[in-house]
Amino acid sequence: MSEINPIAFYAFASIAIGFSLLVVFKKNPVSSAFSLIVVFFAFAAIYAMFDAHLLAALQILVYAGAIMVLFVFVIMLLNADAPSFDIGKAHPVIKYGSGAACIILFCFFVWAFKRSGASLVAPGEFSAQAVEASGGNAKVISQLMFSKYIFPFELTSILLLGAIVGAVAMAKRKPHAKSGASK
Amino acid sequence: MKLEPWVIQSFCAAIFFIGVMGVLIRRNVLIILMSIELMLNAVNLSFVTYSSQLQDLGGQMAVFFIITVAAAEGAVGLGLLIAMFRTLRSVDTDEIRLLKE
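In order, the protein sequences belong to chains A and B.
The numbers in the numbering used here rise by one with no breaks, and the one at position 155 of the first sequence is 155.
The numbers in the numbering used here rise by one with no breaks, and the one at position 99 of the second sequence is 282.
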């Protein structure tokens with residue numbers, strides 16, 4: 001933990017917090033989407049600081065690449081890039097109540113994290129030196145993925161198949177019910 | 184100056200609650216889906232922090248599966264959004280009131 005440069009962490013953390021506030025409070029969905037891309041890149045940088053190199057690459061490829069392209073594509077497809085003034089329409093009780101509830105819960109979490117002392121679990125076998133000695137983060141994770149975690153890995157293929165079928169079935173244009181047509 | 188683990192966890196909690204606030208306040212379904220992605224990312228960073236703290240790569244494997252689930256969730260959510268826009272001509276959650284009428 002100590003090898004992380006705190007200045008770099010605070011820089012990327014403040015970028016992430018600022019742009020995620022922009023995601024929530026921007027009126028235009030397109031600017032929200034582009035702020036979200038910045039947040040994903042900041043997260044990728046923080047993953048890289050934690051020596052999770054494979055996850056940093058996956059974060060950029062899958063989140064900043066695939067998912068955000070999907071979002072921007074849908075925004076353009078629906079012509080929904082007009083500014084939406086839905087924050088003003090929210091009931092003030094909902095607006096300020098949820099804001100206050102989130103801040104209170106956040107303070108509770110900070111208190112709980114600060115109070116939690118040393119972990120009760122013994123440190124595992126994958127220390128930074130051990131991972132470095134056996135070929136780096138990407139190699140060790142790949143070996144784990146195809147040995148210990150092979151069953152969940154195969155299950156994700158079923159999940160993705162279900163997601164593909166579901167997305168196509170829902171987004172498909174429904175054929176208009178022809179009256180009396182047998183097919 | 185050493186970076187304490189609770190600072191990183193608090194940062195994750197901050198991002199998570201910004202996402203919760205987005206889901207609660209906004210009515211635009213696109214922004215709600217983006218807030219859900221924010222919350223998933225916050226939990227991912229929490230997993231990576233604990234993984235590095237406890238020197239166990241199981242946390243990073245969990246993040247790998249969460250990324251997969253998030254991609255599937257994004258695809259299905261946007262499919263639902265397109266279906267909703269086709270019937271209601273709107274992406275506003277206030278317009279979903281077919282059962283009320």
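Even glycine gets a Cβ: it sits at the ideal position worked out from N, Cα and C.
{"Asked": "Do Gln192 (chain B) and Pro123 (chain A) count as a contact pair if the criterion is CB distance below 8 Å?", "Found": "no"}
{"Asked": "Where does Met76 (chain A) land, buried or exposed, given buried means 16+ other C-beta within 10 angstroms?", "Found": "exposed"}
{"Asked": "Flag Leu281 (chain B) as yes if its beta-carbon sits less than 8 Å from any beta-carbon of chain A, otherwise no.", "Found": "no"}
{"Asked": "Please name the residue, chosen from B:Phe194, B:Arg209, B:Val203, that lies closest to Asp277 (chain B) on a Cα-to-Cα basis.", "Found": "B:Arg209"}
{"Asked": "Give the range of the alpha helix (DSSP H) segment to which Pro29 (chain A) is assigned.", "Found": "29–49"}
{"Asked": "I'd like to know whether the C-beta atoms of Val274 (chain B) and Val212 (chain B) end up nearer to each other than 8 Å.", "Found": "yes"}
{"Asked": "My output table needs one value for Asp275 (chain B): the three-state DSSP class, helix, strand or coil.", "Found": "strand"}
{"Asked": "Is Gly180 (chain A) buried or exposed, if buried means 16 or more other CB atoms sit within 10 Å of its CB?", "Found": "Note on Gly180 (chain A): pLDDT 45, under 50, position unreliable in the model; no value is reported."}
{"Asked": "Counting only Cβ-Cβ distances shorter than 7 Å, please list the residues of the region 255–271 of chain B near chain A, keeping chain order.", "Found": "Ala255, Gly257, Ala258, Val259, Leu261, Gly262, Leu263, Leu264, Ile265, Ala266, Phe268"}
{"Asked": "Considering only residues of the same chain and omitting the five flanking positions on each side of Phe199 (chain B), which have a CB-CB separation below 6 Å?", "Found": "Met222, Ala225"}
{"Asked": "Contact criterion: CB-CB distance below 8 Å. Does Met244 (chain B) meet it with respect to chain A?", "Found": "yes"}
{"Asked": "Locate the alpha helix (DSSP H) running through Val24 (chain A), then write down its first and last residues.", "Found": "6–25"}
{"Asked": "Which one of B:Lys283, B:Leu261, B:Ile279 has the shortest CA to CA distance from Ala171 (chain A)?", "Found": "B:Leu261"}
{"Asked": "Rounded to a whole number of angstroms, what is the C-alpha to C-alpha distance between Ala56 (chain A) and Phe230 (chain B)?", "Found": "13 Å"}
{"Asked": "So which residues of chain A does Val226 (chain B) contact, with C-beta pairs closer than 9 Å?", "Found": "Within chain A, no residue comes near Val226 (chain B); the closest Cβ sits about 11 Å away, beyond 9 Å."}
{"Asked": "Compare the C-beta of Glu220 (chain B) with all C-beta atoms of chain A and state if any pair is closer than 8 Å.", "Found": "yes"}
{"Asked": "Given that Phe106 (chain A) touches chain B, what residues does it touch there, using C-beta distances under 7 Å?", "Found": "Ala196, Ala197, Phe200"}
{"Asked": "Quick one: give me the first and last residue of the alpha helix (DSSP H) that Phe151 (chain A) is part of.", "Found": "150–171"}
{"Asked": "Would the beta-carbon of Val24 (chain A) fall within 8 Å of that of Ser218 (chain B)?", "Found": "yes"}
{"Asked": "Measuring only from the beta carbon, is Met204 (chain B) closer than 7 Å to any heavy atom that is part of the ligand NAP?", "Found": "Absent from the structure shown: the ligand NAP. Ligands present: none."}
{"Asked": "Applying the 10 Å Cβ sphere with the 16-neighbour rule, what's the burial state of Ser20 (chain A)?", "Found": "buried"}
{"Asked": "Is the beta carbon of Gln243 (chain B) closer than 8 Å to that of Val52 (chain A)?", "Found": "The residue you asked about is not Val; residue 52 (chain A) is Ala in the sequence shown. Yes, Cβ-Cβ distance for Ala52 (chain A) and Gln243 (chain B) is below 8 Å."}
{"Asked": "Leaving out five residues before and five after Glu256 (chain B) in sequence, what residues of the same chain have Cβ atoms less than 6 Å from its Cβ?", "Found": "none"}
{"Asked": "From the DSSP output, in three-state form, read off Asn211 (chain B) for me.", "Found": "strand"}
{"Asked": "So with CB distances below 8 Å, who are the chain A contacts of Asp208 (chain B)?", "Found": "Residue identity differs from the one stated: residue 208 (chain B) is Ile in this sequence, not Asp. Chain A residues near Ile208 (chain B): Val24, Ile87, Ala90, Ile94, Lys95, Ser98, Gly99."}
{"Asked": "For the alpha helix (DSSP H) that Pro123 (chain A) lies in, which residues bound it at each end?", "Found": "Segment: none, Pro123 (chain A) is in no alpha helix (DSSP H) and carries neither H nor E."}
{"Asked": "Given that Ile214 (chain B) touches chain A, what residues does it touch there, using C-beta distances under 9 Å?", "Found": "Val23, Val24, Lys26, Pro29, Ser32, Ser84, Asp86"}
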